[in-house]
Ligand code: ADP
Ligand code: MG
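So this is what it looks like as structure tokens:
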């Protein structure tokens, strides 16, 4: 029977019990699914080492040699067997702690030793190595790359360790060699010089040599990335077919604001406004991502776009991830709008029912032009007369599901503009936001001085305090930020409170505000306002100020426990300063002992202000799965072999290949694209079923 339809129960070395475990633990149902369990590493069994060549712990090696002498130490449970092994040149110790009675050693016999060296007493030894008498070594044992498979505790309980998986998969090879149906068309395989699926599966498990293994993996990675792109691009096309509100007019409110601006727009701002306007007049629904580093002036761009909608008789809303930010946008926009006859309103979780009443009415009768708010905007009670454009600020906090909810709010969906200040590496932009068109503001307003960043340890607290005093005496204001994570909230709030108290003692002559997520919105707001008006010199805060807060006179950002922040958060926080004309500073305060990774993070922050470089470094250091949590979960299908942080080039090829297909046949309706449509269906089903179980 075809591998794709053969139940794993009937595969060699599996049986009913193991089949159950495999289904539960790996979501594997068919023989072909088993073949899709790729090895996570290979051990080169064709290479023989000399003892003098050992240089790595944790790398499997094999050595040919003899055992010269051995003795047991201790008795009973603490018994241990120690043997001396030589390759004719050097000696190394072998140690067994368990099953000592089963280890049979013979002098004068040639052995093949296989194991991982470990460091003990400044030298290498082997703990529990495999020793096989040379006369029993078969050629297969020492030829080529040996695949190793991930297993779980439950799998191991029924004997499904890596070796057993290897045997099961080896048992499928004769049938695999007869060929499986490919998932990529022959033309694409040829153009991108990729292996067939059959060859790739053969060589990913039992490669002829490392070059074949690489090519097999490349093909399988390509396939994963290709299908993700196919899905995203197909979605994008489908949405672009979607009728959208037409907004051709550039009218009085747009021009009114444009003319009253105290500064010219940067070239990049002008360009992205043109790009967005082109979408707005196209008659199709816009789905666009606006990327720009912190401080690049996205808010103003968003406002001008809202006014384009207003000029065409539509309502708009701007959604922010926090109340503080929503409040701030509201204030900023009000100032920008000044005397223009544009009605804006603010709606957040702390808007009272009484305040809501007129807002709801204004939205329904169309007299409110721009609504600013938080998630509260998504509530079902919020009804519009003609919502034409939705702007989502700092989208990484929102999540894909919420984004989707917006799309279904109207019959004709509103235009969507997603703004993100966290620069994302190209590879992520192409996947997580692969269904959006992208506009980039790649230019900061002129006259900005790059923020100078320093890394101090706690030991230099006195210098930090001196610096704070010097800056405040020069008329500046200072942020002091503490991390706060939910699991640790109590301790973190205590940290913040202690920090606040210490600052009050150290600087009795200054006024100090404090904000954190646990305060009532009203108090938070008041504290922010005081800082914004310059009544307080220091603002002590948790990450609630991370996104979007804009106080140009604040020119110093002190980040406490900086080791606990990720790179993109650090960059966001630093972006709160450097917004006025003064030289700004960011001081990262950490404890003294740091891991290598943390030290690298601090070094990158000190070395560069470039958000894109930081995002790339972040991806390298942390891997994509971690990036803002949205990365992996934002993908339509899981990645099993491809890796967004290292397979960027392959991703570009895969996207191009997918684009070529989608360009000609957006919904994959042609007969020759049937394999793609079918595979997408299968992937969708697998993704959903599996998500339901786990
Ligand atoms: P972000 O992209 O981080 O949201 P903001 O929109 O908050 O940036 O803008 C940062 C600051 O720069 C604001 O004070 C804004 O008024 C100002 N700004 C925006 N555009 C320009 C410009 N073209 N020239 C000078 N200042 C600008
Ligand atoms: Mg902003």
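Numbering (the working numbering), first residue to last: 93 to 786.
Ideal Cβ placement from N, Cα and C applies to all residues, glycine included.
Residue i - DSSP class collapsed to helix/strand/coil
i: residue 559; result: helix
i: residue 437; result: strand
i: residue 489; result: With a pLDDT of only 48 at residue 489, under 50, the local geometry of the prediction cannot be trusted, and the value read off the model is given with reservation. Looking at residue 489 - three-state DSSP - the assignment turns out to be helix.
i: residue 280; result: helix
i: residue 531; result: strand
i: residue 722; result: Any reading at residue 722 must be qualified, since the residue scores a pLDDT of 44, below 50, and its modelled position is unreliable; the value itself is stated next. Looking at residue 722 - three-state DSSP - the assignment turns out to be helix.
i: residue 194; result: helix
i: residue 337; result: coil
i: residue 760; result: coil
i: residue 112; result: helix
i: residue 164; result: strand
i: residue 506; result: coil
i: residue 523; result: helix
i: residue 786; result: Reliability of the predicted coordinates at residue 786 is poor, the pLDDT of 35 falling under 50, and the value obtained from them is presented with this limitation in mind. The answer is coil: DSSP assigns residue 786 none of H, G, I, E or B.
i: residue 148; result: coil
Any C-beta of chain C under 8 angstroms from that of residue i
i: residue 453; result: Absence of chain C from the displayed structure is noted, only one protein chain being present.
Where residue i falls, given that 16 or more other Cβ within 10 Å makes a residue buried
i: residue 421; result: buried
i: residue 266; result: exposed
i: residue 655; result: buried
i: residue 568; result: buried
i: residue 474; result: buried
i: residue 283; result: exposed
i: residue 639; result: In this prediction, residue 639 has a pLDDT of 49, which is less than 50 and means its spatial position is unreliable; what the coordinates show is noted afterwards. Under this definition residue 639 is a buried residue.
i: residue 235; result: exposed
i: residue 364; result: buried
i: residue 96; result: exposed
i: residue 624; result: buried
i: residue 212; result: exposed
i: residue 379; result: buried
i: residue 791; result: Nothing about residue 791 can be read from this structure; the chain reaches only from 93 to 786.
i: residue 722; result: Since pLDDT at residue 722 reaches only 44, below the 50 mark, its modelled position is unreliable, and no value is offered.
i: residue 314; result: buried
i: residue 110; result: buried
i: residue 220; result: exposed
i: residue 160; result: exposed
i: residue 763; result: exposed
i: residue 720; result: Confidence at residue 720 is low in this model, with a pLDDT of 41, below 50, so the placement of that residue should be treated as unreliable; the coordinate-derived value is given next. Buried, because 16 or more other Cβ atoms sit within 10 Å of the Cβ of residue 720.
i: residue 216; result: buried
i: residue 787; result: Any question about residue 787 goes unanswered here, given that the chain covers just 93 to 786.
i: residue 550; result: exposed
i: residue 582; result: exposed
i: residue 177; result: buried
i: residue 517; result: buried
i: residue 593; result: exposed
Contact belief for residue i with residue j at Cβ below 8 angstroms, rounded distance in angstroms
i: residue 536; j: residue 387; result: 6 angstroms
i: residue 394; j: residue 483; result: 5 angstroms
i: residue 609; j: residue 652; result: That belief does not hold up - the Cβ atoms of residue 609 and residue 652 are roughly 16 angstroms apart, past 8 angstroms.
i: residue 260; j: residue 417; result: Contact doesn't hold; Cβ gap of about 54 angstroms is too wide.
i: residue 322; j: residue 123; result: About 25 angstroms; that fails the 8 angstroms criterion.
i: residue 570; j: residue 648; result: 4 angstroms
i: residue 179; j: residue 155; result: 5 angstroms
i: residue 508; j: residue 572; result: In fact, because the Cβ distance is near 37 angstroms, the residues do not count as touching under 8 angstroms.
i: residue 743; j: residue 519; result: 5 angstroms
Residues bridged to residue i [DSSP beta-bridge criterion]
i: residue 677; result: 544, 648
i: residue 411; result: 465, 484
i: residue 633; result: 573, 607
i: residue 188; result: 173
i: residue 183; result: 178
i: residue 511; result: 382, 485
i: residue 154; result: 206
i: residue 238; result: 135
i: residue 376; result: 335
i: residue 219; result: 187
i: residue 479; result: 407
i: residue 212; result: 215
Any non-hydrogen atom of the ligand COA within 7 angstroms of residue i CB
i: residue 364; result: Absent from the structure shown: the ligand COA. Ligands present: the ligand ADP and the ligand MG.
Problem set entry | Touching by the beta-carbon criterion (3+ pairs, under 8 angstroms), the stretch 668 to 677 and the stretch 466 to 483 | Result no; under three Cβ-Cβ pairs closer than 8 angstroms.
Exercise. Does the pairing of the stretch 358 to 371 with the stretch 542 to 552 give three or more beta-carbon distances under 8 angstroms?
Worked result: Counting C-beta pairs closer than 8 angstroms gives fewer than three between the stretch 358 to 371 and the stretch 542 to 552, which falls short of the contact rule.
Problem set entry | Stretch-stretch touch, CB-based, cutoff 8 angstroms, three pairs: the stretch 205 to 217 with the stretch 166 to 186 | Touching, yes, given that three or more Cβ pairs across the two stretches are closer than 8 angstroms.
Exercise. Quick check: the stretch 425 to 435 against the stretch 459 to 472, are there 3 or more CB pairs under 8 angstroms?
Worked result: Verdict: yes, contact present.
For this session: Specify whether the stretch 333 to 350 and the stretch 160 to 171 touch according to this definition: at least 3 beta carbon pairs, one from each stretch, less than 8 angstroms apart.
Result: As far as the Cβ criterion goes, the stretch 333 to 350 does not touch the stretch 160 to 171, which means the pair count is below three.
Exercise. Can you find at least 3 beta carbon pairs, one from the stretch 295 to 302 and one from the stretch 314 to 322, that sit closer than 8 angstroms?
Worked result: In short, these stretches do not touch, since the Cβ pair count stays below three.
Exercise. For the stretch 449 to 456 against the stretch 618 to 634, are there 3 or more C-beta pairs whose distance is under 8 angstroms?
Worked result: In this structure the stretch 449 to 456 does not touch the stretch 618 to 634; the number of beta carbon pairs closer than 8 angstroms is below three.
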